[in-house]
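Each residue of the sequence shown is one higher than the one before, counting from 256 in the working numbering. Data first, discussion second: the structure below is written as structure tokens.
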Amino acid sequence: MNITTRITKLDNPESKLKALATVVLNGNFAVGGIKVIGTEKGMYVAMPNHLGKDNQYYDDCYPVTAEMRKAINTAVMTAYENNDTAVIKSEPEAIAMKVKVLPNNNHDSNLKGFAQITMDDCFVVSGVKVFDGANGMFLQMPQYKNSAGEYKNIANPVTKEFHDELNNKVIDAFKNAVTATNNQQEAKAASTAIKR
């Protein structure tokens, strides 16, 4: 997978947060909010995360293989150390996606489901939401609220083609999940009726 990294160094010597990074995967998908953190033990890369209601931190986007973790860490730290954009290339190819969707049980809500996308079996984006709006179904990528109170995407498609592909894949997976859930409920109802 091709990884391009852009780095923004922060000028606060007293902070452990030294820089923020954005990586672009295969020129199609950007992940921001990656942190370069410095401690007395050295520097490390932290993927974007959020604080849950249970006061635990949860990753929003993260590599699931050691190779991908190493590639992202290398790209981010190279860009940080060189004060430049880092590009690590392998064979360029489209991003293969697997999607898991959990439909929302509150049928009165415009929020219809939650999705997790696995890209090339090595990188996961969680916290994707499926909404049904006035113009049809659409996705909301994982977001955070900045200090100005504005919501900003953590991850998002970079090209229109990949945006459309991602939208279609997740919405199709959502529709399939709803159909499967409905079929299970109908089978359960039929089974209960036969037993009576």
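All residues carry an ideal CB built from backbone N, CA and C; glycine is no exception.
C-beta atoms of residue i and residue j nearer than 8 angstroms
{"i": "leucine 272", "j": "leucine 265", "result": "yes"}
{"i": "valine 425", "j": "alanine 351", "result": "no"}
{"i": "methionine 298", "j": "methionine 332", "result": "yes"}
{"i": "valine 278", "j": "alanine 330", "result": "yes"}
{"i": "isoleucine 409", "j": "glutamine 398", "result": "yes"}
{"i": "threonine 263", "j": "alanine 274", "result": "yes"}
{"i": "tyrosine 406", "j": "lysine 400", "result": "yes"}
{"i": "phenylalanine 378", "j": "valine 300", "result": "no"}
{"i": "asparagine 423", "j": "phenylalanine 393", "result": "no"}
Start-to-end residues for the alpha helix (DSSP H) that takes in residue i
{"i": "valine 413", "result": "Counting along the chain, valine 413 falls outside any alpha helix (DSSP H), and DSSP gives it neither H nor E."}
{"i": "asparagine 200", "result": "With the chain represented from 256 up to 451, any question about residue 200 goes unanswered, as that position is not in the structure."}
Residue of the options minimising C-alpha distance to residue i
{"i": "lysine 430", "options": "Thr260, Gln311, Val356, Val379", "result": "Val356"}
{"i": "phenylalanine 386", "options": "Pro358, Ala410, Thr373, Val413", "result": "Pro358"}
{"i": "lysine 258", "options": "Leu275, Tyr399, Ala285, Gln395", "result": "The sequence shown places isoleucine at residue 258, rather than the lysine named in the question. Per the Cα distances, Ala285."}
{"i": "histidine 418", "options": "Asn283, Ser270, Thr260", "result": "Asn283"}
{"i": "alanine 432", "options": "Val354, Glu336, Tyr406", "result": "Val354"}
{"i": "alanine 276", "options": "Asp315, Tyr335, Ala389, Asn422", "result": "Tyr335"}
{"i": "glutamate 322", "options": "Asp376, Gln439, Asn423, Thr436", "result": "Asp376"}
{"i": "aspartate 314", "options": "Asn360, Gly287, Glu269", "result": "Gly287"}
{"i": "glutamine 440", "options": "Asn360, Asn310, Glu420, Tyr317", "result": "Asn360"}
Cross-strand partners of residue i (DSSP beta bridge)
{"i": "valine 356", "result": "Ala370"}
{"i": "glutamine 439", "result": "Answer is none; glutamine 439 lacks a bridge partner."}
{"i": "alanine 274", "result": "Lys264, Val291"}
{"i": "valine 286", "result": "Val278, Ala410"}
{"i": "asparagine 314", "result": "Here residue 314 turns out to be aspartate, not asparagine, going by the sequence shown. Asn304, per the DSSP bridge assignment."}
{"i": "glycine 297", "result": "Thr294"}
{"i": "lysine 400", "result": "Tyr406"}
Beta strand (DSSP E) segment containing residue i, residue limits
{"i": "aspartate 387", "result": "378-388"}
{"i": "methionine 392", "result": "391-395"}
> Does the pairing of the segment 277-297 with the segment 361-370 give three or more beta-carbon distances under 8 angstroms?
Replying inline: no
> Looking at C-beta atoms only, is the number of pairs between the segment 375-382 and the segment 302-320 that lie closer than 8 angstroms three or more?
Replying inline: yes
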